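Per the UniProt record's numbering, the sequence shown starts with residue 3, numbered consecutively. Idealized CB from N, CA, C, for every residue including glycine. Please read these numbers as outputs of a predicted model, since none were measured by experiment.
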Amino acid sequence: SHDILEVKHLKKYFNVGKHDLLKAVDDVSFSIKEGETLGLVGESGCGKTTCGRTVVGMYRATEGEVYYKGQNVHKLKGKEKKAFNKEVQIIFQDPYASLDPRMTVAEIIGEGIEIHDLAKTKQEKDEKIAHLLELVGLNKEHANRFIHEFSGGQRQRIGIARALAVEPKFIMCDEPISALDVSIQAQIANMLIKFQQEMKLTYLFIAHDLAMVKHISDRIAVMYLGSIVELAESEVLYRHPFHPYTEALMSAIPIADPKIEDSRQRIMLEGDVPSPINTPPGCKFQGRCRKATDLCRCEAPKLTEVEQGHFVACHLYQKQVE
Ligand code: SF4
Numbered sequence: 003s004h005d006i007l008e009v010k011h012l013k014k015y016f017n018v019g020k021h022d023l024l025k026a027v028d029d030v031s032f033s034i035k036e037g038e039t040l041g042l043v044g045e046s047g048c049g050k051t052t053c054g055r056t057v058v059g060m061y062r063a064t065e066g067e068v069y070y071k072g073q074n075v076h077k078l079k080g081k082e083k084k085a086f087n088k089e090v091q092i093i094f095q096d097p098y099a100s101l102d103p104r105m106t107v108a109e110i111i112g113e114g115i116e117i118h119d120l121a122k123t124k125q126e127k128d129e130k131i132a133h134l135l136e137l138v139g140l141n142k143e144h145a146n147r148f149i150h151e152f153s154g155g156q157r158q159r160i161g162i163a164r165a166l167a168v169e170p171k172f173i174m175c176d177e178p179i180s181a182l183d184v185s186i187q188a189q190i191a192n193m194l195i196k197f198q199q200e201m202k203l204t205y206l207f208i209a210h211d212l213a214m215v216k217h218i219s220d221r222i223a224v225m226y227l228g229s230i231v232e233l234a235e236s237e238v239l240y241r242h243p244f245h246p247y248t249e250a251l252m253s254a255i256p257i258a259d260p261k262i263e264d265s266r267q268r269i270m271l272e273g274d275v276p277s278p279i280n281t282p283p284g285c286k287f288q289g290r291c292r293k294a295t296d297l298c299r300c301e302a303p304k305l306t307e308v309e310q311g312h313f314v315a316c317h318l319y320q321k322q323v324e
């Protein structure tokens, strides 16, 4: 299948105070195939959410381009813009903050149906809403209630129903399960996987740890201080991470089977994520990397294909290819 989304050298900078520049997204490139899920993972402040929001056109890019079905997302107008707004939906981390508390569930879900003319009559709209509620494990009795009457998991179900109401093709899932109880996380993730298969959806799935994207992602991109440091198929990344940062993230995931003794060494990351404002030259991970050399302090490593489909930005691996 072909690429539905292409991100090319995307940059999103913010001015901070008079003189400082925050490079939230600093030359990021990737593509997503139709029907695929790309997991985008990194600690808070790494730029993953800014990246996701720029990709779907919520933010204007500082530089670089995003193409959805071959069209430049930041230059869409009129009919094309409307079609994009229908096909590309967002599921937010905090449904409570993203859904209007004064609207009933039926109004929240029905809004997109109206805007995009997806029901001819009020009855058809109500039937659609009832069907969507059932799809996400709620029922039509919930339609006239307000968001505050629901639990976190139920609110996220409503957020998902709202996104699905307009028959989208691509969904940017912005940490949709991070804020939920662990017991609910798997339910919501499994629901998203099921809908993806049934409705042929494509996902950009943002999360702050690797455990959360493991089952849902076909490929995973690891982000650090505005850059992608590693990108590979999920299984490859879990079996054989190359980048020292991915290794450290990976060693923090507990092994699920208690019968297997966890003999892996925990790699502790020293210090917090450094500020993305006015980053020093060289590899952005140098201050926390146990393998840093002089080269790492003066030259930034480029994202390089080290084996087929497996990209890494680290000097340790660039030498191998040359
Ligand atoms: Fe560590 Fe150097 Fe690789 Fe950066 S380039 S991750 S500092 S070894």
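Proximity test, residue i beta-carbon vs ligand 1 heavy atom, cut-off 8 Å
{"i": "K304", "result": "no"}
{"i": "H245", "result": "yes"}
{"i": "C175", "result": "no"}
{"i": "A294", "result": "yes"}
{"i": "C285", "result": "yes"}
{"i": "H210", "result": "no"}
{"i": "L318", "result": "yes"}
{"i": "V231", "result": "yes"}
{"i": "L194", "result": "no"}
{"i": "E297", "result": "Note that residue 297 is Leu in the sequence shown here, rather than Glu. Checking every heavy atom of ligand 1 against the Cβ of L297, one is found closer than 8 Å."}
{"i": "C291", "result": "yes"}
{"i": "Q288", "result": "yes"}
According to DSSP, residues forming a beta bridge with residue i
{"i": "S229", "result": "Y226"}
{"i": "H312", "result": "E309"}
{"i": "S33", "result": "E8"}
{"i": "A209", "result": "V43"}
{"i": "L23", "result": "N17"}
{"i": "R221", "result": "L40 and E235"}
{"i": "L204", "result": "As written in the sequence, residue 204 is Thr, which differs from the Leu given in the question. The partner list for T204 (beta bridge, DSSP) reads F172."}
{"i": "I279", "result": "L24"}
{"i": "residue 396", "result": "Nothing about residue 396 can be reported from this structure: the residues present for the chain run from 3 to 324 only."}
Distance cut-off 8 Å: residue i Cβ against heavy atoms of ligand 2
{"i": "L120", "result": "In the structure on display, ligand 2 does not appear, and the ligands it does have are ligand 1."}
*Runs of alpha helix (DSSP H) lying entirely within the stretch 124 to 177, each at least 4 residues, in chain order*: 124 to 137 and 154 to 166
_Restricting to runs no shorter than 3 residues, where is the beta strand (DSSP E) found entirely within the stretch 44 to 103?_
65 to 70 and 90 to 93
*Give a yes or no on contact between the stretch 236 to 249 and the stretch 210 to 227, applying the rule of three or more CB pairs nearer than 8 Å.*
By the Cβ test, the stretch 236 to 249 is in contact with the stretch 210 to 227, since at least three Cβ pairs between them sit closer than 8 Å.
_Three CB pairs or more closer than 8 Å across the stretch 100 to 110 and the stretch 31 to 49_ = Touching, no.
*Could you tell me whether the stretch 86 to 102 touches the stretch 153 to 166, using the rule of 3 or more Cβ pairs below 8 Å?*
yes
*Could you tell me whether the stretch 124 to 136 touches the stretch 202 to 213, where touching means 3 or more Cβ pairs closer than 8 Å?*
Touching, no.
*asked:* Taking 8 Å as the cut-off, does the stretch 27 to 46 touch the stretch 3 to 12 (at least 3 CB pairs, one atom from each stretch)?
replied: yes
*Are three or more beta carbon pairs between the stretch 48 to 64 and the stretch 222 to 230 nearer than 8 Å?*
yes
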